[in-house]
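> All residue numbers for the sequence shown refer to this note's numbering, where the first residue is 374 and numbers rise by one.
The beta-carbon is built from N, C-alpha and C at its ideal position, and this holds for glycine as well.
Sharing a structure here in structure tokens format.
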Amino acid sequence: MTRYQKVLVTGADGFIGSHLTEELIRQGYEVRAFTMYNSNNSWGWLDECAEEVRGKFEVFAGDIRDPYGVKEAMKGCDAVLHLAALIAIPYSYHSPETYVDTNIKGTLNVLQAARELNVSKLVHTSTSEVYGTAQFVPITEEHPLQGQSPYSATKIGADQLALSFYRSFQLPVGIIRPFNTYGPRQSARAVIPTIITQIASGNTQIKLGKTSPTRDFNYVNDTVRGFIAMLESDNSIGQEINIGSNYEISIGDTAKLIGDIMNVAIEIISDETRNRPEKSEVERLWADNAKADRLLNWKPQFAGLSGFRQGLEQTINWFTAADHLSKYKADQYNK
């Protein structure tokens, strides 16, 4: 028996959203998948969803920036998982207004519709980027927020809007803050797919930006489990909760580990076009996940170095399948 009868997932056509949609259906939820409208009638990654869930979800094609469409999509749903966002950091440098429209105004549309329709639960998606470079580690939810890119600034704004609706209108909203999620279907703008696709395409000289920054990587299955735990627990209402592995590794060591798993000796080549401006680069991310354990009974299943290696192996297996690799332009930097 599911906690809620019908769930709206915004951003369901994306990397995490498509995995989340599939798992909700497996667990018996009725799902309406909000996808970005396009003239090709493409549902993004949901076009390639697992066979056992195909045809078992409803699709609403719209635009998160349109309040009328958002409200229409939400009608009849008693819970919302809001993932729709622009997330590429380099793109936010030259097109910040579209990030304000999508991430802040889009979130406002979701919050307002949820309030007007008396939705029973709303989970809003944040990001570890709101913390900026760690001032202390591991990073707890009390860490100061730092907008080091237009992207992270808009996510901070969206998070604060969500909390304001909880405090002002008692909207039952919780904020999930995933650290760096990776896995099958991830965009090549992210570092792990960038490394894998370059190696899988026959390159041994791997182009990367800075290799010294550290990240707390989370396999997508763990992140999805975090979303569902947020959805099903009343303890998440009014809370900001990190979903992270509590394991820190540098970009350079990540590349070496991927090369080792793929049995390829790689050389890392510094590509200046991939570097962020100096003060915008987030140098260190390492999650404290004690609050998720305490409030949600959530712990990462892909934990530590061994868990990271296991998740990478599954990710590599997916990306190196010919029909998947062909979808990625390994020779181009995807901003």
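(1) Return the residue from the list Val593, Val637, Leu459 and Thr646 that minimises the CA-CA distance to threonine 728.
(2) Over what stretch of residues does the alpha helix (DSSP H) that includes leucine 544 continue unbroken?
(3) Candidates Gln508, Ser501 and Ala507: which alpha carbon is nearest aspartate 532's?
(4) Report the option in Thr584, Val443 and Ala660 whose CA atom is closest to the CA atom of serine 643.
(5) Work out the CA separation of aspartate 386 and cysteine 422 for me, nearest whole Å.
(6) Only counting runs of 3 or more residues, tell me where the beta strand (DSSP E) segments fall wholly within the stretch 624-693, in order along the chain.
(7) Could you give the distance in angstroms between the alpha-carbon of tyrosine 402 and the alpha-carbon of threonine 577?
(8) Once the 5 residues before and after phenylalanine 675 are set aside, which same chain residues still bring their CB inside 8 Å of it?
(9) Would you please state the rounded distance, in angstroms, between the beta carbons of lysine 478 and alanine 452? I believe it to be under 8 Å.
(10) Could you spell out where the alpha helix (DSSP H) holding valine 483 opens and where it closes?
(11) If you draw a straight line from the alpha carbon of lysine 379 to that of glutamate 656, how long is it in whole angstroms?
(12) Answer yes or no: do tyrosine 524 and serine 465 have a C-beta to C-beta separation smaller than 8 Å?
(13) Between the C-alpha atoms of valine 492 and threonine 646, what's the straight-line distance to the nearest angstrom?
(14) Do you know offhand how far threonine 480's Cα is from threonine 408's?
(15) Applying the criterion that 16 or more other CB atoms from any shown protein chain within 10 Å of the CB defines a buried residue, is tyrosine 472 buried or exposed?
(16) In angstroms, rounded to a whole number, what distance separates the CA positions of isoleucine 329 and glutamate 445?
(17) Which residues share a DSSP beta bridge with isoleucine 622?
(18) Could you tell me if glutamine 521 is buried or exposed, where buried requires 16 or more neighbouring beta carbons within 10 angstroms of its beta carbon?
(19) Taking DSSP's pairing of strands, which residues face tyrosine 555 in a bridge?
(20) Which first and last residues belong to the beta strand (DSSP E) in which lysine 444 is found?
(21) Using DSSP with H/G/I as helix, E/B as strand and the rest coil, what is threonine 527?
(22) Would you mind sorting phenylalanine 542 into buried or exposed? The rule is 16 or more other CB atoms within 10 Å of its CB.
(23) Helix, strand or coil: which one does DSSP assign to alanine 602?
(24) Would you call glycine 575 buried or exposed, if buried means 16 or more other Cβ atoms sit within 10 Å of its Cβ?
(25) Tell me lysine 379's beta-bridge partners as DSSP assigns them.
(26) Let's see if you can read the secondary structure: which residues bound the alpha helix (DSSP H) around histidine 697?
(27) Considering Cα atoms alone, identify which of Glu651, Thr567 and Asp439 is closest to threonine 475.
(28) Measure the C-alpha to C-alpha separation of alanine 602 and phenylalanine 552 and round it to an integer number of angstroms.
(29) Could you please give the first and the last residue of the uninterrupted alpha helix (DSSP H) stretch that includes threonine 471?
Straight from the coordinates:
(1) The first residue shown for the chain is 374 and the last is 708, placing residue 728 beyond what the model contains.
(2) Locating residue 544 in the sequence shown gives position 171, where the first residue counts as 1. That residue, leucine 544, is in no alpha helix (DSSP H); it is neither H nor E in DSSP.
(3) Sequence index remark: in the sequence shown, residue 532 carries index 159 (1-based). That would be Ser501, whose Cα lies nearest to the Cα of aspartate 532.
(4) The residue labelled residue 643 in the question sits at position 270 within the sequence shown. It is Thr584 whose Cα lies nearest to the Cα of serine 643.
(5) Here residue 422 refers to the residue found at position 49 of the sequence shown. Here residue 386 refers to the residue found at position 13 of the sequence shown. Roughly 10 Å separates the two Cα atoms.
(6) Runs of the beta strand (DSSP E) inside the stretch 624-693: 640-643.
(7) The residue you call residue 402 lines up with position 29 of the sequence shown. The residue you call residue 577 lines up with position 204 of the sequence shown. Distance between the alpha carbons of tyrosine 402 and threonine 577 is about 44 Å.
(8) Here residue 675 is taken as the residue at index 302 of the sequence shown, counted from 1. Here the set comprises Asn591, Tyr592, Asn594, Asp595, Ser618, Phe681, Gln683 and Gly684.
(9) Locating residue 478 in the sequence shown gives position 105, counting from the first residue. Locating residue 452 in the sequence shown gives position 79, counting from the first residue. Not confirmed; about 22 Å, so no contact.
(10) Here the question's residue 483 lines up with position 110 in the sequence shown. Boundaries of the alpha helix (DSSP H) harbouring valine 483: 479-489, taken from the DSSP string.
(11) If you number the sequence shown from 1, residue 379 lands on position 6. If you number the sequence shown from 1, residue 656 lands on position 283. Taking the straight line joining both Cα atoms gives about 40 Å.
(12) Position 151 of the sequence shown holds residue 524. Position 92 of the sequence shown holds residue 465. Yes.
(13) Position 119 of the sequence shown holds residue 492. Position 273 of the sequence shown holds residue 646. C-alpha separation (whole angstroms): 44 Å.
(14) Along the sequence shown, one-based indexing puts residue 480 at 107. Along the sequence shown, one-based indexing puts residue 408 at 35. Between the alpha carbons of threonine 480 and threonine 408 lies a distance of about 15 Å.
(15) Counting from 1 along the sequence shown, the entry for residue 472 is found at position 99. Residue environment analysis places tyrosine 472 among the buried positions, since at least 16 neighbouring C-beta atoms fall within 10 angstroms of its C-beta.
(16) Past the edges of the chain, shown from 374 to 708, lies residue 329, and the structure says nothing about it.
(17) Taking the sequence shown and counting its residues from 1, the one referred to as residue 622 is at position 249. Arg588, per the DSSP bridge assignment.
(18) By 1-based counting over the sequence shown, the position of residue 521 is 148. Buried.
(19) What you label residue 555 is simply residue 182 of the sequence shown in a count that begins at 1. Paired residue(s): Tyr592.
(20) Mapped onto the sequence shown, residue 444 falls at position 71. No beta strand (DSSP E) contains lysine 444, which is instead part of the alpha helix (DSSP H) from 440-447.
(21) Taking the sequence shown and counting its residues from 1, one reaches residue 527 at position 154. Here threonine 527 sits in helix by DSSP.
(22) As a position in the sequence shown, residue 542 is number 169, starting the count at 1. Phenylalanine 542 should be labelled exposed.
(23) For the purposes of this step, residue 602 is identified with residue 229 of the sequence shown, where counting begins at 1. Taken through DSSP and simplified to helix, strand or coil, alanine 602 comes out as helix.
(24) Within the sequence shown, the letter at position 202 stands for residue 575. A residue is called buried when at least 16 other Cβ atoms come within 10 angstroms of its Cβ; glycine 575 does not meet this threshold and is exposed.
(25) Taking the sequence shown and counting its residues from 1, the one referred to as residue 379 is at position 6. Lysine 379 pairs with Glu403.
(26) What you label residue 697 is simply residue 324 of the sequence shown in a count that begins at 1. Histidine 697 -> alpha helix (DSSP H) spans 695-698.
(27) Taking the sequence shown and counting its residues from 1, one reaches residue 475 at position 102. For threonine 475, the closest alpha carbon among the candidates Glu651, Thr567 and Asp439 is that of Asp439.
(28) Residue 602 sits at position 229 when you count from the first residue of the sequence shown. Residue 552 sits at position 179 when you count from the first residue of the sequence shown. The alpha-carbon atoms of alanine 602 and phenylalanine 552 are separated by roughly 16 Å.
(29) Translated into positions along the sequence shown, residue 471 becomes position 98. It spans 469-472 - the alpha helix (DSSP H) in which threonine 471 sits, taken as one unbroken run.
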